[in-house]
Structures are given as C-alpha cells and as structure tokens.
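Chemist: The listed protein sequences derive, respectively, from chains A and B.
Take 63 as the starting number for the first sequence in the working numbering and just add one per residue.
Take 63 as the starting number for the second sequence in the working numbering and just add one per residue.
2 protein chains.
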Amino acid sequence: MSVYGERSAESLPKCPVEVTLTMIGNKWQVLILRELREGTRRSSELKRAIGGISQKVLTSNLRAKEGNGLVHRAVFAEVPPRVEYSLTPVGASLSPVLDAMSAWGESYRASVSHR
Amino acid sequence: MSVYGERSAESLPKCPVEVTLTMIGNKWQVLILRELREGTRRSSELKRAIGGISQKVLTSNLRAKEGNGLVHRAVFAEVPPRVEYSLTPVGASLSPVLDAMSAWGESYRASVSHR
DNA sequence: CGGCATCCCTTGGGATACTG
DNA sequence: CAGTATCCCAAGGGATGCCG
Chain A
63 MSVYGERSAE SLPKCPVEVT LTMIGNKWQV LILRELREGT RRSSELKRAI
113 GGISQKVLTS NLRAKEGNGL VHRAVFAEVP PRVEYSLTPV GASLSPVLDA
163 MSAWGESYRA SVSHR
Chain B
63 MSVYGERSAE SLPKCPVEVT LTMIGNKWQV LILRELREGT RRSSELKRAI
113 GGISQKVLTS NLRAKEGNGL VHRAVFAEVP PRVEYSLTPV GASLSPVLDA
163 MSAWGESYRA SVSHR
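1) Check distances from the C-beta atoms of the stretch 75 to 90 of chain B to those of chain A and list, in chain order, the residues that come in under 9 Å.
2) What is the rounded straight-line gap between the Cα of K76/A and the Cα of K118/A?
3) Report yes if the CB atom of P143/A is closer than 8 Å to the CB atom of S164/B, and no otherwise.
4) List, in chain order, every chain A residue whose beta-carbon is nearer than 9 Å to that of A154/B.
5) On the DSSP bridge list, what partners appear for H134/A?
6) So G131/B packs on T102/B, CB below 8 Å; how close in whole Å?
7) Closer than 9 Å, Cβ to Cβ, to anything on chain B: give me those residues from the stretch 155 to 171 of chain A, in chain order.
8) To which residues of the same chain is E128/A closer than 7 Å at the C-beta, ignoring the five residues directly before and after it?
9) Taking the alpha carbon of T35/A as the point to measure from, which residue in F138/A, Q91/A, V174/A has its own alpha carbon closest?
10) What is the DSSP secondary structure of R125/A, counted as helix, strand or coil?
11) Cβ of R96/B less than 8 Å from any chain A Cβ?
Now the structure itself:
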C-alpha cells in the first residue's frame, strides 16, 4: 500500500518543482487526474479509461490521492455499491500543469511525425 | 540501466499527457531537467544539486534523457576527464511544464502554510 | 572525475480469488 | 461493483569497489 504521494502538509521539499512532484505522486496518479478533469468518475470507469492499470494499483493510487487531498471519494450506500471519485479544489488547481503537459505532448508528437 | 524514458519517436501514446509523461520519464529526470535549465552542469554538480541521488541512478537517468534527445552529453578528452550535460532544444522546450510545476508548488506551499 | 560492475534490498505492480 | 488479500515477479535504487 501507500504508493507515494502522502507526506503531510508539513515537511515539504524546498524546491517548488519537487513539491509538485511529490504531490502528484507518479505516472498513474497523473493519469487519474487527467481523467477526473473531465468530471466525476466511478472506479470501473477510471480503470477502463486509463487502461493497462490493475485493480490493486488503481485503488492504492486513488487512496494516495485521497490522503493527499487532491481527490475526493464519495461512497453511496446502495446495492450494488457505488463510489464516485472527483477532484477537490486543490486537485483541480493542478490543471495548468496538466495543460502544459498536454500542450507539450501535442507539439512534440507533431515535431516528431512530420520529420 | 534503462530506467524508462526511451521509447523511439514512433509508437507514442495517443494521449498527449501520456506522451509527456513518457518523455519526462520519472521524478529524478524532472529534477535533472530542472537543474539543467539553469545551464550546463557537470555530473558531480548535478549530484550535489539534486541531493539524495546515487551515482548509479544519476548516470542511468542521464543516459535515458540522452537517448531521449532531451539532454546533450559532451565529453572532453582531458585529464581528469570532464563531462558536461546540457539541454537540447527539445529538452529546453519543456520549460513551460517545469514552470507550471514550479508555480503550482509555490502556491500550494503558500496555501498550506498560512492555514 | 566520471562511470561501469556487483551485490542486494525494497517497492511497484500484475494476476487471481474472495467478500460485502 | 468496489475493494481486500495473497502470491510473486521485475524494476528502481542504495552502497561499494574498481578502472580509464
């Protein structure tokens, strides 16, 4: 369990880039954020959308983001059970970073293809 | 060896965010890029600047970025040997992403501290 | 100084089976 | 459907020692 990305508010790295890296966690977590930017998602939806991620890894990374305060987890007492994940305000504030990554990815692919 | 981040120009992920994640590689590699943004650096300088990274890991990640085309490695035939690392134009083009990460890290730290 | 090569440990992560 | 529990493997990464 764990997977990184916890770290209490205190004891943040000095370098702001490192702060972001720490809060973001890892590649899977970025993909989770990317998906949640589109809106609320259920566990199974995330799994399908991300692709190539196992149940276990998805869950542990969602827990990390939850403990992080970047993702909110809503459980509905229904049968069958329903759980919905969404971005917290803090999580949503990461949008500029995702935008920058998305933009760079686009231009990079372009520069690579027509070469 | 390897450490991720290779992947030939072809066969890039469909999602641009994923493209960037793949090219960036991992946390260490981001810190390397962060450092090289300041200018050319020698291996030992990078090691000190990044902190907490071992020789082996530093080297393997530098190799990954080199194979990536984001970092340039210049070897000078001197005694003692000198090796200098710098960003390629493509590597430098990642600046907006690092800027976004830096900015978010700053504001996050701020929001956390005065609370 | 930069960097292979080893040895070895820790962690991420896949697969599968089972429960509420 | 969401999630936990095992089992197990591969990769990341630390520490040392040696070489050009």
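From the three backbone atoms N, C-alpha and C, an ideal C-beta is built for every residue, glycine too.
Modeler: Working from what's here:
1) P75, C77, P78, V79, E80, V81, T82, L83, T84, M85, I86, N88, K89
2) In the first sequence, residue 76/A corresponds to position 14, counting from 1. In the first sequence, residue 118/A corresponds to position 56, counting from 1. When rounded, the distance between both Cα atoms is 32 Å.
3) Here residue 143/A is taken as the residue at index 81 of the first sequence, counted from 1. Here residue 164/B is taken as the residue at index 102 of the second sequence, counted from 1. Contact flag unset, no.
4) Working through the second sequence from its first residue, we reach residue 154/B at position 92. By Cβ distance, chain A contributes nothing, its closest Cβ being about 11 Å from A154/B, past 9 Å.
5) Position 72 of the first sequence, counted from the first residue, corresponds to residue 134/A. Looking at the DSSP assignment, H134/A forms a beta bridge with S148/A.
6) Along the second sequence, one-based indexing puts residue 131/B at 69. Along the second sequence, one-based indexing puts residue 102/B at 40. At roughly 17 Å, the Cβ-Cβ gap does not stay under 8 Å, so G131/B and T102/B are not in contact.
7) S155, L156, P158, V159, L160, D161, A162, M163, S164, A165, W166, G167, E168, S169, Y170, R171
8) What you label residue 128/A is simply residue 66 of the first sequence in a count that begins at 1. Excluding sequence neighbours, E128/A sits near R135.
9) Past the edges of chain A, shown from 63 to 177, lies residue 35/A, and the structure says nothing about it.
10) By 1-based counting over the first sequence, the position of residue 125/A is 63. Of the three classes helix, strand and coil, the one that applies to R125/A here is helix, per DSSP.
11) Reading the second sequence from its first residue, position 34 is the one you call residue 96/B. Closer than 8 Å: yes.
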